[in-house]
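> To start, I am sharing the structure in question, which I have written as structure tokens.
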Amino acid sequence: MFSAANYIKVKSLEEAWQLNQKRSNKIIGGMLWMKMGKGRIQTAIDLSGLELDRIEETDEYFKIGCMATLRMIETHPELNRYTSGAVREAVKNIVGVQFRNLATVGGSIFGRYGFSDVLTVLMAADSSVELYKRGIIPLREFAEMKYDNDILVSVIVRKTPARFSYMSVRNSKTDFPVLTCAAARYENELILSVGARPSRAKAVSVPEELANKMMNEDTAAEIGRYAASQLSFGSNLRASGAYRRHLTEVLVKRACMKLAENGEEEKSCL
Ligand SMILES: Cc1cc2nc3c(=O)[nH]c(=O)nc-3n(C[C@H](O)[C@H](O)[C@H](O)COP(=O)(O)OP(=O)(O)OC[C@H]3O[C@@H](n4cnc5c(N)ncnc54)[C@H](O)[C@@H]3O)c2cc1C
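Anchor point for the sequence shown: position 170 equals 180 in our numbering, and the numbering is continuous, going up by one each time.
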């Protein structure tokens with residue numbers, strides 16, 4: 011567990027940003043990841059007084075404040091309707107409900123953890139992050155950036171028409187994932203996002219001629235092989251790189267079949 015010499019509940023993002031420029035000061039989200047570490051922080055910077063613990067919905071987008079919790083995105087009816095339940099599916103195995111009531115979207119996305127279900131699912135969507143100083147940048151770009159002292163204010167998910175599906179493999183329920191996989195079918199694009207390889211999630215755009223083939227088991231398997239060929243895999247105590255490559259082929263295939271199923275369900279509801 012870390013310790014902090016001072017605690018400041020800031021009154022503005024500018025105050026938080028100024029404080030955060032000092033390396034020994036730290037923004038705090040739900041503190042669930044931070045408390046796993048040791049060391050001493052000079053000032054813990056709390057954003058909880060800035061009304062960022064909400065999800066705003068307009069006709070064009072969902073804006074998820076950085077202090078919104080994982081439980082809030084898990085139980086948000088419209089966000090889950092838009093993502094075909096993929097957001098709920100992605101976070102439901104993260105430890106337990108009490109944990110998800112504390113863990114924040116800001117801490118989850120700013121951390122860009124290699125194992126992140128949250129990063130994987132939001133990366134398949136048309137998402138951007140709002141940073142206090144740098145402004146709005148695509149999540150896929152943010153995921154590759156180095157850590158800096160900016161503040162993640164919100165995550166914006168545009169309501170670009172799409173169908174989604176989400177899959178993960180865990181050695182045991184609620185453990186860190188061995189592989190995460192999200193698929194999104196847009197009008198003109200099929201995007202796959204694969205994480206826990208064990209590095210940060212990465213998005214793969216499937217070439218048009220393959221993405222537009224009639225979806226069946228053979229096409230889904232071909233897309234799985236294509237996705238695996240575009241990504242790198244590593245080994246850690248949970249699984250080998252070779253096993254992750256194999257899982258990618260299997261999960262991508264299943265995620266594509268699920269997309270097709272979701273499409274059929276939509277048609278039958280019309
Ligand atoms: C035991 C355990 C198991 C987990 N299992 C999973 C899992 O299976 N799948 C999964 O996806 N995730 C998992 N996680 C990660 C978890 O879901 C959260 O992503 C993580 O705890 C970070 O969220 P937090 O609110 O606790 O952030 P904190 O711990 O408070 O902060 C994390 C980092 O982000 C910085 N930060 C926080 N908010 C901001 C902000 N707004 N702007 C800039 N910087 C900020 C902090 O300074 C810190 O460096 C697990 C975590 C733990 C501890």
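Idealized CB from N, CA, C, for every residue including glycine.
Find the nearest neighbour of Glu67 within the set Ser22, Arg168, Arg110, Trp43, judged by alpha-carbon distance.
Locating residue 67 in the sequence shown gives position 57, where the first residue counts as 1. Considering only alpha carbons, the answer is Arg168.
> Would a C-beta distance cut-off of 8 Å place Ala231 and Ala134 closer than the cut-off?
Stepping through the sequence shown from its first residue, residue 231 is reached at position 221. Stepping through the sequence shown from its first residue, residue 134 is reached at position 124. Their beta carbons are not under 8 Å apart, which means Ala231 does not touch Ala134 by this criterion.
> Nearest to Gly244 by alpha carbon, out of Ile233, Thr258, Gly121, Val128?
Position 234 of the sequence shown holds residue 244. Nearest option by C-alpha distance: Thr258.
> Mapping the DSSP letters down to three states, classify Glu227 as helix, strand or coil.
On the sequence shown, residue 227 is found 217 positions in, with the first residue counted as 1. Residue state, collapsed to three classes: helix.
> Inspect the CB distances between the segment 117 to 133 and the segment 157 to 175 and report whether three or more fall short of 8 Å.
Short answer: they touch.
> Looking at C-beta atoms only, is the number of pairs between the segment 74 to 82 and the segment 113 to 122 that lie closer than 8 Å three or more?
In short, these stretches touch, since the Cβ pair count reaches three.
> When we look at the beta-carbon of Gly39 and count the other beta-carbons within 10 Å, is it buried (16 or more) or exposed?
In the sequence shown, residue 39 corresponds to position 29, counting from 1. Gly39 comes out buried.
> Mapping DSSP to helix, strand and coil, what is Cys191?
Your numbering for residue 191 matches position 181 in the sequence shown. Reduced to three states, the DSSP call for Cys191 is strand.
> Bridge partners for Gly75 per DSSP, in chain order?
Here residue 75 refers to the residue found at position 65 of the sequence shown. DSSP, once it has assigned bridges, lists Ser164 as partnering Gly75.
> Give a single yes or no on whether Tyr176 has its beta carbon closer than 7 Å to a heavy atom of ligand 1.
As a working mapping, residue 176 is identified with position 166 in the sequence shown. Outside the cutoff, so no.
> Classify Val105 as helix, strand or coil using the three-state DSSP reduction.
If you number the sequence shown from 1, residue 105 lands on position 95. Three-state result, Val105: coil.
> Using a Cβ distance threshold of 8 Å, determine whether the segment 199 to 214 contacts the segment 132 to 152, with at least three qualifying pairs required.
Verdict: yes, contact present.
> Can you tell which of Ala14, Gly49, Gln108, Val260 has its C-alpha closest to the C-alpha of Cys191?
Here residue 191 is taken as the residue at index 181 of the sequence shown, counted from 1. Selected option, being the one with the closest Cα: Val260.
> In chain order, what are the residue ranges of uninterrupted beta strand (DSSP E) at least 3 long that sit wholly in the segment 31 to 58?
Fully enclosed beta strand (DSSP E) runs of 3 or longer: 36 to 38, 50 to 56.
> Kindly indicate which three-state DSSP category Phe125 falls into: helix, strand or coil?
To locate residue 125, count along the sequence shown from 1; it is residue 115. Phe125 falls in the coil class under three-state DSSP.
> Could you name the residues of the same chain whose beta carbon sits closer than 8 Å to that of Phe12, not counting the 5 residues immediately before and after it, in chain order?
The residue you call residue 12 lines up with position 2 of the sequence shown. If we look at Phe12 and ignore the five residues flanking it on each side, its Cβ neighbours are Met44, Lys45, Gly47, Lys48, Gly49, Arg50, Ile51.
> What do you get for Glu99, buried or exposed, if any count of 16 or more other CB atoms within 10 angstroms of its CB means buried?
For the purposes of this step, residue 99 is taken as residue 89 along the sequence shown, with counting starting at 1. Burial call: buried.
> Select from Ala14, Ser175, Tyr157 the residue whose C-alpha is nearest the C-alpha of Ala54.
On the sequence shown, position 44 is the one that residue 54 refers to. The shortest Cα separation from Ala54 among Ala14, Ser175, Tyr157 belongs to Ala14.
> Leaving out five residues on either side along the sequence, give the residues of the same chain with a beta carbon under 6 Å from the beta carbon of Ala265.
The count along the sequence shown starts at 1 and reaches residue 265 at position 255. Excluding positions up to five away in sequence, the list reads Ser175, Met177, Cys191, Ala193.
> If you pair each beta-carbon of the segment 58 to 65 with each one of the segment 77 to 96, do three or more pairs fall below 8 Å?
Verdict: yes, contact present.
> Can you give the beta carbon distance from Ile104 to Asp127, rounded, assuming they're within the 8 Å contact cut?
Taking the sequence shown and counting its residues from 1, the one referred to as residue 104 is at position 94. Taking the sequence shown and counting its residues from 1, the one referred to as residue 127 is at position 117. About 6 Å; that satisfies the 8 Å criterion.
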